[in-house]
Structures are given as C-alpha cells and as structure tokens.
Amino acid sequence: MRIATWNVNSINARLETALAVIADLNADVICLQELKCEDHRFPREAFEDLGFNVATHGQKTYNGVAILSKHPIEEASPRLPGDPDDDQARYLEAVITRDGGAVRVASMYMPNGNPVESPKFPYKLAWMERLIGHARGLLALEEPVVLAGDYNVIPRPEDCHDPRAWAGDALFRPESRAAHRALLNLGYTDAFDALDGRSGQYTFWDYQAGAWPKDHGIRIDHIACSPQAADRLKAIEIARAARGREKPSDHVPVVATFDL
DNA sequence: ATGGTCGCGTAGCGA
C-alpha cells in the first residue's frame, strides 16, 4: 500500500495540476492539506472518477484536510481531540480497510506558528501537545497507524538550505523541534529518518525570491508510523518533480510504501 | 534592488 501526503495549497486553484500529480503518484491513499474550501466546494467527483473514495474536513478560506483512498474509508473522524474551542480544520483521521487488514491514517495540517511573538506560536505548541496526547492513545490500539501531513517543522539543520536564515522561525524553533521529537519518542518511526535520512531533501520551496530554481527549500512534510506500520514500511519517496510543473503547489508529495 | 509570490476574495491577511 502506498500512502502519500501533499499540501496542495488550494484544491480548486490547483485541480488540473493536482489530477496530474496524483496520477503520477500511483498511491492507494492520499492525505491532502490546505484545501482552502468548505466541504461542499471540494471537487469530489473529479477524484471519484479516478476511483478514489473521498473524506473531507474543510472550512472557508483557510486550512482544510482530506483523505482520498482507493480502498474503503471507515470511521472518518474530523478534529484533533482535546480542545472543543479549536475550530480550525487541521485534522482528519480514518481507517482504511482492505482484505485481511486495516491501517488508521491521519491527514494533518499543523499550525505554522509565525510570528513567534504572536498567539500563533503558543497555539502551534498547544496543538502539537494535543497531537502527542492523541497519538499516545493510538499506540495502545496496537494497530498500523500512519500520521501524515504538513508538520510545519524542520527537524534538523540539514533539512533546510540555510539554517541561519531559519533561526528564530517557528518552523525551526527548539520548542517546535522538541515537540516533533516528543511525538516520535512515544514510539513512532519517521519514515524518512528510517529509510533515507539524507541532507537537502526538501518538500517545500517558497514561491518568492527564486527559492525553487536556487533549491532553497525545507523539509517539513513528514510521515510518522506506529510500530505495527513501521514493521511493514518498505520505501519513502519525495515527488520533487511536482514543484517544476505549471501552476505548482509550494509543497510536493511525500509517499511511503508499506507491505500492507 | 531594503522587494520578491501566491490564494482568497476583492483589502489585507496567511503562508
């Protein structure tokens, strides 16, 4: 089973590009982020025509996450537990079933957190703490669990072109990196760490200042696997070519392959 | 060169 994550940066502005990118991915499950539309404006039929089941959790203008799956989607559950007042559409969890097994998949769009002197940074850290609490509970199920998404965290200095340029940014602050490590330290395996780990393998390049042609990117889209998923993890790929297309998202897909 | 680019929605915010 191939499970992908991709921050699409508006599904409606990107539909033609998205259909081409997704055709190339050959994925069974695709977690999308930054839909930037309410559920009734998601182009569901375009993906159903490609053979995907569709679950969405959108909102007007900002955020929004979806799960596309060639296998049945069960127990689709929007919202990260732990704060009933959080109305930002950043989390959708579902169980993907196929003969003889199931995998629980979350599509996540973690808060950016900038500027760090604003309430956005504590919101980011609180969101990550809620995720850690929820992810701890999921481990008790002893199931294959895959937490995929735009984490808005640069894990290591080697995951950005110029660490000095990112010093102090919410994506690279010690608190953000520590929260990401704490999630993994619960017992989750980061798919890229486990199978690749190279420097300079980016998943995001800003639209500004020639970041893509200069390869001034950052690696912020990640896939965390429970032990039962990590046991079956076989490959990790970053679909870098997507950034060179017409009308690209600023992120590219990441795909993990499992013996599931 | 003290900006630069997108998307949403139609000004200015978010990234």
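Here the first sequence stands for residues 20 to 279, numbered as in my numbering. Think of the CB as a built atom: it goes at the ideal place given N, C-alpha and C, for glycine as much as any other residue. Keep in mind it's a predicted model, so treat the numbers as computed, not measured.
Item                                                                                                                                                                         : Value
Taking 8 Å as the threshold (C-beta atoms), are M127 and G101 in contact?                                                                                                    : no
Beta carbon of A65, beta carbon of P163: below 8 Å?                                                                                                                          : no
Just verifying my parser: in three-state terms, what is the DSSP assignment at N26?                                                                                          : strand
Within the same chain, show all residues whose beta-carbon is closer than 8 Å to that of P182, passing over the 5 residues directly before and after it, in chain order.     : P176 and F191
Looking only at its own chain, which residues have a Cβ that is under 7 Å from the Cβ of L150, when we skip the five neighbours before and after it?                         : L99 and L202
Ordered along the chain, which non-local residues of its own chain (more than five positions away) have a Cβ less than 8 Å from that of T80?                                 : K55
Give me, in chain order, the residues of the same chain whose beta-carbon lies closer than 8 Å to that of G206; leave out the 5 immediate sequence neighbours on both sides. : L158, S245 and P246
Within this structure, are the beta carbons of A113 and S96 separated by less than 8 Å?                                                                                      : yes
Give the straight-line distance between the Cα atoms of D43 and A37, rounded to the nearest whole angstrom.                                                                  : 10 Å
Determine the DSSP secondary structure at K55, reduced to helix, strand or coil.                                                                                             : coil
For a quick check, are the C-beta atoms of R63 and N82 less than 8 Å apart?                                                                                                  : no
Just to confirm the assignment, what range does the alpha helix (DSSP H) spanning R149 have?                                                                                 : K139 to L158
I'd like to check one pair, R196 with Y221: are the Cβ atoms closer than 8 Å?                                                                                                : no
May I ask you to list the residues that DSSP assigns as paired with T75?                                                                                                     : A85
Taking 8 Å as the cut-off, decide whether the C-beta atoms of K253 and F277 are in contact.                                                                                  : yes
If I follow the unbroken alpha helix (DSSP H) through I41, where does it start and stop?                                                                                     : L34 to L44
Tell me where the alpha helix (DSSP H) around R200 begins and ends.                                                                                                          : P193 to N204
Name the two residues that bound the continuous beta strand (DSSP E) containing R117.                                                                                        : Y110 to R117
Looking at the unbroken alpha helix (DSSP H) that takes in D280, where does it start and where does it end?                                                                  : Missing from the structure shown is residue 280; the chain here goes from 20 to 279 and no further.
In the stretch 240 to 277, which residue ranges form an unbroken alpha helix (DSSP H) of at least 4 residues, counting only runs that do not cross its ends?                 : 246 to 249
At what residues does the alpha helix (DSSP H) containing E136 begin and finish?                                                                                             : E136 -> no alpha helix (DSSP H), and no H or E assigned at all.
Beta carbon of C50, beta carbon of T24: below 8 Å?                                                                                                                           : yes
Taking the alpha-carbon positions, what's the D215 to A189 distance?                                                                                                         : 25 Å
Leaving out five residues before and five after K266 in sequence, what residues of the same chain have Cβ atoms less than 6 Å from its Cβ?                                   : T36
Whole angstroms are fine: how far does the CA of L144 sit from the CA of A154?                                                                                               : 15 Å
Could you say which of G70, I86, A46 and D47 lies nearest to D58 if we only look at CA atoms?                                                                                : I86
Would DSSP call R98 helix, strand or coil?                                                                                                                                   : coil
Return the Cβ separation of H241 and Y170 in integer angstroms, given the expectation that the two are a contact with Cβ distance under 8 Å.                                 : 5 Å
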